[in-house]
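This note's numbering puts the first residue of the sequence shown at 1115, with every later residue one more than the last. Even glycine gets a Cβ: it sits at the ideal position worked out from N, Cα and C.
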Amino acid sequence: MMLKRVCAIPLGIICLAGAQEHFEVKSVVHPVVAKLAPPKLVGGLSDTAFAVSTTSAKASKHVQLGIAYLNAPWDFEAYRHFCAAAQADPDCLMAYWGITMSLAGRNHEFRRQRKAAIERMVILLEAKKGVPLEQGYAYAAARLITDGVRSSGEAFQAVARQFPNDVQSRLLGNFLTRDGFDGNGEPRIGQQRASDSLKKMVEENPDNLSVISFWVTSQSESPLKGEKLRADVLPYARKLVEKQPESPIFHLVLTHVEAKCGNAALALAACQKAIDFYENYMNAEGVSRYDCDGWVRAKIYQANLYTVLGHYEKSLPVTEELASLKVDPERVFSRGASLLMWEGRTMGARLTMGRSSREEWSAAQKQLEALSDEEWHEDKSFAAVYRDNLAFYFGVRKALAANDFKVAEGLFGLLIQHAQSLEGMKDAVAKTSSYSDWVRARDTMGVAVLELRGMLAMQNEGASRLGAINYIKGAVERQGSPTNLLPAAIDYPMQARLGAFYLALGEPGKAALAYREGLDFRPNHVSVLEGYRNALIKLDRKDTAEQIQKRIELIKD
1115 MMLKRVCAIP
1125 LGIICLAGAQ
1135 EHFEVKSVVH
1145 PVVAKLAPPK
1155 LVGGLSDTAF
1165 AVSTTSAKAS
1175 KHVQLGIAYL
1185 NAPWDFEAYR
1195 HFCAAAQADP
1205 DCLMAYWGIT
1215 MSLAGRNHEF
1225 RRQRKAAIER
1235 MVILLEAKKG
1245 VPLEQGYAYA
1255 AARLITDGVR
1265 SSGEAFQAVA
1275 RQFPNDVQSR
1285 LLGNFLTRDG
1295 FDGNGEPRIG
1305 QQRASDSLKK
1315 MVEENPDNLS
1325 VISFWVTSQS
1335 ESPLKGEKLR
1345 ADVLPYARKL
1355 VEKQPESPIF
1365 HLVLTHVEAK
1375 CGNAALALAA
1385 CQKAIDFYEN
1395 YMNAEGVSRY
1405 DCDGWVRAKI
1415 YQANLYTVLG
1425 HYEKSLPVTE
1435 ELASLKVDPE
1445 RVFSRGASLL
1455 MWEGRTMGAR
1465 LTMGRSSREE
1475 WSAAQKQLEA
1485 LSDEEWHEDK
1495 SFAAVYRDNL
1505 AFYFGVRKAL
1515 AANDFKVAEG
1525 LFGLLIQHAQ
1535 SLEGMKDAVA
1545 KTSSYSDWVR
1555 ARDTMGVAVL
1565 ELRGMLAMQN
1575 EGASRLGAIN
1585 YIKGAVERQG
1595 SPTNLLPAAI
1605 DYPMQARLGA
1615 FYLALGEPGK
1625 AALAYREGLD
1635 FRPNHVSVLE
1645 GYRNALIKLD
1655 RKDTAEQIQK
1665 RIELIKD
């Protein structure tokens, strides 16, 4: 049955394959990878048995390691191993399947190599290379290209039903059929089904790195509350680094989970290990930060965690470093460069959104100007538009602090224009490698604009002033949960802004409730705890306020 379905691959893909009459393996190996030494054949990573159809033992080992890195998730290292497998055996079907899967996005700098790998995979599939299990994998990968993520997931599920002992197809079938969460943060049907299936797999395979990794990464991307993460996910995130103590990606995953659980100090320790191991890896392998986006993510997290712990000043050297890093114009479309320009260079400014002095806001604007427009590569990247949005945000904040409301209104109008410009770039950005970065930037500015509307409304009297609360409540509803191994784009929860407004209106009871809800969203964030303490003092709940103060001191130590 599977072989018949394999042969039903849409003709568009097969026609592409016809162009490969004189195939050369180098067509699937990007020059960046070709310049590196072959990836090391290390042990201990691959614990999901997969018998690869190949005449080369080396190719088999590289495929197995490629799958392990794909599951980790570390796509660049997975790609390197699959390239090495293709070089060892140009007829290894799973090598090209792996390249296709590890280069899943369309508009990145490796897209030509991805296209060549897809073509080669289909040619080998047509030639009946590989065993039925591998052919099913290739068919499912082809469906990813022709019909999209869910269709591919259903194809992997079909493979899993035909080969019930195959763990990898079950993992991919679950992963690719998820359908996210509704507006209330509740899982949709496909999401719940995938989560239940993964949980069962973890119970059946409690020591399998690939299964654990899929479980941890999928659950850590969900809007689960801290207590649920602590009970169901954190023990497995810690198990990953126990089993692979020198794995940078597993330490980064642990950072993400510890942070979402409110364990910022433990997250910072894991983050430092991730940074150290990534830097060791880059030095040993000759890999640049353009191809090591995990290092960029870890540095971003490091700055965030210092601020969460109440040590904003310690974040400054990190954000200054990120803001000053230049990007090779030839590597603008790499994942690391895109992440650096959109997230790394703006991190310091975004952390300063929670500060309260004009001097700090001016410093944030200056940091955004650390590099010239030329260094933002405006001919290739739209990140500078995001930079300009943030600069106008601070202009409004400074004018409000100076009680210059007319200037604040004028700057806010300009910010709206820039935010609309950012919003209008959707189609253009979709053709680049930065779409996910743009989505996050757009959503961040959506929250920031509502926050500023509330601040402006607070300057009015009567009903207009009370309307400020509705704007901030809108910002609360729009803020998202930390995903993609990154901290929240705005480190403080909008509930904290709501709490501050209620305190200004002389309603400490509502303020305390808002801060408490903010702590559910950002557990143990020191600035939120300080606001909560202040509200409790206003309510004359001194004993509880003292307990919160002790908690603050314990966290900051």
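Extent of the continuous alpha helix (DSSP H) run through residue i
i	result
Ala1384	1378–1399
Thr1331	1323–1334
Glu1552	Here the sequence assigns Trp to residue 1552, which means Glu is not the residue at that position. 1549–1571 is the span of the alpha helix (DSSP H), which, as asked, contains Trp1552.
Lys1357	1348–1357
Glu1233	1225–1240
Val1371	1362–1374
Thr1214	1207–1216
Tyr1415	1407–1422
Thr1460	Run containing Thr1460: none; DSSP gives neither H nor E here.
His1144	No alpha helix (DSSP H) holds His1144; DSSP gives it neither H nor E.
Ile1604	Looking at the DSSP string, Ile1604 is not in any alpha helix (DSSP H), and its letter there is neither H nor E.
Val1499	1497–1515
Leu1170	Looking at the sequence itself, residue 1170 is Ser, so the reference to Leu does not match. Taken as a continuous stretch (DSSP letters only), Ser1170 belongs to no alpha helix (DSSP H), as it is neither H nor E.
Arg1665	1656–1670
Lys1624	1622–1635
Trp1188	Taken as a continuous stretch (DSSP letters only), Trp1188 belongs to no alpha helix (DSSP H), as it is neither H nor E.
Asn1574	Careful: Asn1574 lies outside any alpha helix (DSSP H) and carries neither H nor E.
Lys1520	1519–1537
Pro1431	1426–1438
Ala1256	1246–1261
Asn1648	1640–1652
Asp1442	Premise fails: Asp1442 is in no alpha helix (DSSP H) and is neither H nor E.
Exposure label - residue i; buried when at least 16 CB within 10 Å
i	result
Thr1421	buried
Asp1280	buried
Val1156	exposed
Thr1169	exposed
Val1245	exposed
Arg1611	buried
Arg1636	buried
Ser1336	buried
Val1553	exposed
His1370	buried
Pro1359	exposed
His1136	exposed
Pro1320	exposed
Pro1622	buried
Lys1314	exposed
Asp1203	buried
Leu1525	buried
Asn1394	exposed
Ser1486	exposed
Opposing strand residues paired with residue i [DSSP bridges]
i	result
Pro1301	Phe1295
Same chain only: Cβ atoms within 8 Å of residue i, ignoring 5 sequence neighbours per side
i	result
Ser1265	Arg1257, Leu1258
Leu1217	Asp1189, Tyr1193, Phe1224, Arg1225, Gln1227, Arg1228, Ala1231
Gly1450	Ser1402, Arg1403, Tyr1404, Asp1405, Cys1406, Asp1407, Trp1409, Val1410
Cys1385	His1365, Leu1366, Thr1369, Ala1412, Tyr1415, Gln1416, Leu1419
Trp1329	Leu1312, Lys1313, Met1315, Val1316, Val1347, Tyr1350
Val1499	His1532, Ser1535, Leu1536, Met1539
Sequence-distant residues of its chain with Cβ nearer than 7 Å to residue i (five each side left out)
i	result
Gln1305	Arg1292, Asp1293, Gly1294, Phe1295
Gln1479	Ala1505, Phe1508
Asn1503	Leu1529, His1532, Ala1533, Leu1536, Met1559
Ile1326	Val1316, Tyr1350, Lys1353, Leu1354
Ala1381	Thr1369, Glu1372, Ala1373, Leu1419
Glu1662	Here the sequence assigns Ile to residue 1662, which means Glu is not the residue at that position. Leu1643, Tyr1646, Arg1647, Leu1650.
Tyr1392	Pro1362, Cys1406, Gly1408, Trp1409, Ala1412
Tyr1629	Gln1609, Ala1610, Gly1613, Val1642, Gly1645, Tyr1646, Ala1649
Val1561	Ala1589, Arg1592, Gln1593, Ile1604, Met1608
Leu1366	Ala1388, Gly1408, Arg1411, Ala1412, Leu1599
Lys1172	Ala1202
Arg1234	Gln1134, Phe1137, Val1142, Tyr1210
Asp1205	Leu1238, Lys1243
Close Cβ partners of residue i (< 6 Å) along its chain, the five nearest in sequence each way excluded
i	result
Val1166	Ser1174, Val1177, Met1208
Met1461	Ile1414, Ala1417, Thr1433, Leu1436
Pro1601	Tyr1415, Asn1418
Val1441	Ala1451
Gly1538	none
Residue-chain proximity (residue i, chain C), Cβ-Cβ < 8 Å
i	result
Tyr1585	In the displayed structure, chain C is absent; only one protein chain is listed.
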